[in-house]
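2 protein chains.
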Amino acid sequence: MKIRRSNRLVDITRYLLEHPHKLVSLKSFSEQYGAAKSSISEDLSIVKRTMAEFGLGKVDTVPGASGGAFFAPRYSKENAEKVVGELVTLVDDPSRLLPGGYVYLSDLLGRPEILREVGQLIATQYIDADVDVIMTVETKGIPLAQAVAMYLNKPFVIVRNSSHITEGSTVSVNYVSGSSKRIKKMELSRRTLKEGANVVIIDDFLKGGGTMKGMQSLIKEFDAHLVGMNVFAEGQFEGERLVSGCTSLIKVTTEEGPNDYLKAEPGNFLTRVFTEGEN
Amino acid sequence: MKIRRSNRLVDITRYLLEHPHKLVSLKSFSEQYGAAKSSISEDLSIVKRTMAEFGLGKVDTVPGASGGAFFAPRYSKENAEKVVGELVTLVDDPSRLLPGGYVYLSDLLGRPEILREVGQLIATQYIDADVDVIMTVETKGIPLAQAVAMYLNKPFVIVRNSSHITEGSTVSVNYVSGSSKRIKKMELSRRTLKEGANVVIIDDFLKGGGTMKGMQSLIKEFDAHLVGMNVFAEGQFEGERLVSGCTSLIKVTTEEGPNDYLKAEPGNFLTRVFTEGEN
Numbered sequence: 001m002k003i004r005r006s007n008r009l010v011d012i013t014r015y016l017l018e019h020p021h022k023l024v025s026l027k028s029f030s031e032q033y034g035a036a037k038s039s040i041s042e043d044l045s046i047v048k049r050t051m052a053e054f055g056l057g058k059v060d061t062v063p064g065a066s067g068g069a070f071f072a073p074r075y076s077k078e079n080a081e082k083v084v085g086e087l088v089t090l091v092d093d094p095s096r097l098l099p100g101g102y103v104y105l106s107d108l109l110g111r112p113e114i115l116r117e118v119g120q121l122i123a124t125q126y127i128d129a130d131v132d133v134i135m136t137v138e139t140k141g142i143p144l145a146q147a148v149a150m151y152l153n154k155p156f157v158i159v160r161n162s163s164h165i166t167e168g169s170t171v172s173v174n175y176v177s178g179s180s181k182r183i184k185k186m187e188l189s190r191r192t193l194k195e196g197a198n199v200v201i202i203d204d205f206l207k208g209g210g211t212m213k214g215m216q217s218l219i220k221e222f223d224a225h226l227v228g229m230n231v232f233a234e235g236q237f238e239g240e241r242l243v244s245g246c247t248s249l250i251k252v253t254t255e256e257g258p259n260d261y262l263k264a265e266p267g268n269f270l271t272r273v274f275t276e277g278e279n
Numbered sequence: 001m002k003i004r005r006s007n008r009l010v011d012i013t014r015y016l017l018e019h020p021h022k023l024v025s026l027k028s029f030s031e032q033y034g035a036a037k038s039s040i041s042e043d044l045s046i047v048k049r050t051m052a053e054f055g056l057g058k059v060d061t062v063p064g065a066s067g068g069a070f071f072a073p074r075y076s077k078e079n080a081e082k083v084v085g086e087l088v089t090l091v092d093d094p095s096r097l098l099p100g101g102y103v104y105l106s107d108l109l110g111r112p113e114i115l116r117e118v119g120q121l122i123a124t125q126y127i128d129a130d131v132d133v134i135m136t137v138e139t140k141g142i143p144l145a146q147a148v149a150m151y152l153n154k155p156f157v158i159v160r161n162s163s164h165i166t167e168g169s170t171v172s173v174n175y176v177s178g179s180s181k182r183i184k185k186m187e188l189s190r191r192t193l194k195e196g197a198n199v200v201i202i203d204d205f206l207k208g209g210g211t212m213k214g215m216q217s218l219i220k221e222f223d224a225h226l227v228g229m230n231v232f233a234e235g236q237f238e239g240e241r242l243v244s245g246c247t248s249l250i251k252v253t254t255e256e257g258p259n260d261y262l263k264a265e266p267g268n269f270l271t272r273v274f275t276e277g278e279n
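What follows is the structure, given as structure tokens:
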């Protein structure tokens, strides 16, 4: 097959989408397709304009000998509002209420189309941040952390609740579960997090913030830095949370009683990430 | 922006990659871009030829009023051999040996570029199979199950080791851990798996097969069907495994002693999935 512009556009688009945030040199594309750098440059302009037009992300070009181009997923405000609206509709269902004010979300966190949208949404928040690694705690935060990691193209690490033989040596911290007030232990394999790493924490649900605070302690133990915290859903909590500054996609208010009550609404994500007038 | 063919090619490629195995009607593309169906049809031919040429998957068109096109990721034999070779090189490192013949893999299973390749690789095996859901057991199987689910565009469910309040009502089974011979319990939320569902099991590591057999029992309890089983790595095991027919990407042989020994080699995946002469 002779590789024409049309074929190059398809494969360049595929490559950039599969390798977000990775700088690719014009030279490597040029060699791959047997095309002049000037042609590749025009291809990239077309991809850039298309992604911008559809509100999906930016293609940035870095000039110079070691330069090239990379794609960074970034939802427009319009797309972000659409996704948050969908999530609110999906969660706003009293049959999701579980004892203790918890909310059943496992079905949503196992659906690829939702994880893709949520991953791109949260990645938008960190598009210009210096992130080295995504951290989550087992079990239900994992799919979200992985989805965000895919779109930031950074590794994710899983904090475990107890010692597992297949992790090797670990660092552990105690933390107070904000909801149950019980003292628990969480730990992370020593090999997985480097000193000085910039960490984004992702979890499924925020109540008292005890688990979040535990992960913050672990980050300190590893001499790493916290860049930000994000949860899928924020529940109600009486009193002061153990952490502040966490971003939530949706907010859920519940009441157990003769008539179970559950109301979902947008969390603070949209107002935090999109300042007024921005799109 | 006037939407030209070049812009359509970029966005159609993006859409198909983000929605694998999903049939999209020519009509919806036609309306989205304000282009004639005949033009969309030509666009799809270009995408199809490009994906085939680079060994990345097939674009199939379904004729008729309810027809359309879909993209199914499928690695060529050449790409599959390359990925398995990379995995062997990454794992073939004695410092990965852990006590009890276990192998440290958590770093690899947290790297997006590896999960993308492994997801496409395993999805290739089930390209023409009727799969409804991917099943795994917490914790280390989750990233792999999610990666496969993303490329098959099917939901995944997580079997838990003990009861968790946020799962609602569950079905549980006992199983014998093949390595430790201890009896354990695993359970799955009742809401997550439908009767008659076709299930693919994904896990990180196979030794005695006890965990796999436990998941098979769960599938029976839900009156669902097992389509196939796949692990990232197969370890050595003396005696007969509790399950047969599981596919492995790599095989690891280890020996603990004064000089730790670890050898990685390709598992049975390539010979199982690519019959002779096929590419």
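Line by line, the protein sequences give chains U and L.
Under full-length UniProt numbering, think of the first position of the first sequence as 1, with each following residue one higher.
Under full-length UniProt numbering, think of the first position of the second sequence as 1, with each following residue one higher.
Glycine included, every Cβ here is placed at the ideal spot set by N, Cα and C.
Source: prediction; values computed, not measured.
Is it buried or exposed for L:Ser106, if we count other Cβ within 10 angstroms and need 16 for buried?
buried
Test: L:Thr50 CB closer than 8 Å to a CB of chain U
yes
Compare the C-beta of U:Phe156 with all C-beta atoms of chain L and state if any pair is closer than 8 Å.
yes
Below-8 Å beta-carbon distance, L:Thr139 vs any chain U residue:
yes
Can you name, in chain order, every residue of its own chain whose Cβ lies under 7 Å from the Cβ of L:Thr13, other than the five neighbours on each side?
Val47
Counting only Cβ-Cβ distances shorter than 7 Å, please list the residues of the region 197–219 of chain L near chain U, keeping chain order.
none
Say whether the region 54–72 of chain L touches the region 237–250 of chain L, bearing in mind that this needs 3 or more beta-carbon pairs closer than 8 Å, one atom from each stretch.
no
Taking a Cβ distance cut-off of 8 Å, strictly less, list which residues of the region 41–75 of chain L are near chain U, in chain order.
Ile46, Val47, Arg49, Thr50, Met51, Glu53, Phe54, Leu56
Grab me the residues of L:Asn230's own chain with a C-beta within less than 6 Å of its C-beta, minus the 5 sequence neighbours each way, in chain order.
Ile122, Ile202, Thr247
According to the Cβ coordinates, are L:His21 and L:Ala72 closer than 8 Å?
yes
With DSSP as the reference, identify every bridge partner of U:Ser189, one or two as the case may be.
U:Thr170
Scan the region 110–131 of chain L for residues whose Cβ lies nearer than 8 Å to a Cβ of chain C and list them as they occur along the chain.
No chain C is part of this structure, whose protein chains are labelled U and L.
Check U:Gly67 in the structure and name its three-state DSSP category.
coil
Applying a beta-carbon distance threshold of less than 9 Å, which residues of chain L neighbour U:Ser189?
Tyr104, Ser106, Asp107
Using beta carbons (cut-off 8 Å, strictly below), is L:Arg182 in contact with chain U?
no
Residue interval of the alpha helix (DSSP H) (run including L:Lys82)
77–91
In whole angstroms, give me the CA-to-CA distance for L:Asp223 and L:Asn198.
10 Å
Those runs of the alpha helix (DSSP H) which lie wholly inside the UniProt domain "Phosphoribosyltransferase" (111–250) of chain L and span at least 4 residues
112–125, 142–152, 210–221
Using DSSP with H/G/I as helix, E/B as strand and the rest coil, what is U:Leu44?
helix
So which of U:Lys154, U:Gly267, U:Leu152, U:Thr170 has the shortest CA-CA distance to U:Arg160?
U:Thr170
Which of the three DSSP states is assigned to L:Thr275 in this structure?
coil
Please decide whether L:Gln236 counts as near chain U, where near means a Cβ-Cβ distance under 8 Å.
no
How many angstroms separate the CA atom of L:Lys207 from the CA atom of L:Val137?
15 Å
Please list the terminal residues of the continuous alpha helix (DSSP H) segment that includes U:Tyr33.
26–33
Since I believe U:Gln120 is in contact with U:Tyr151 (beta carbons under 8 Å), could you give me their beta-carbon distance rounded to a whole number of angstroms?
5 Å
List the residues of chain U whose Cβ lies closer than 9 Å to the Cβ of L:Thr192, in chain order.
Ser106, Asp107, Gly110
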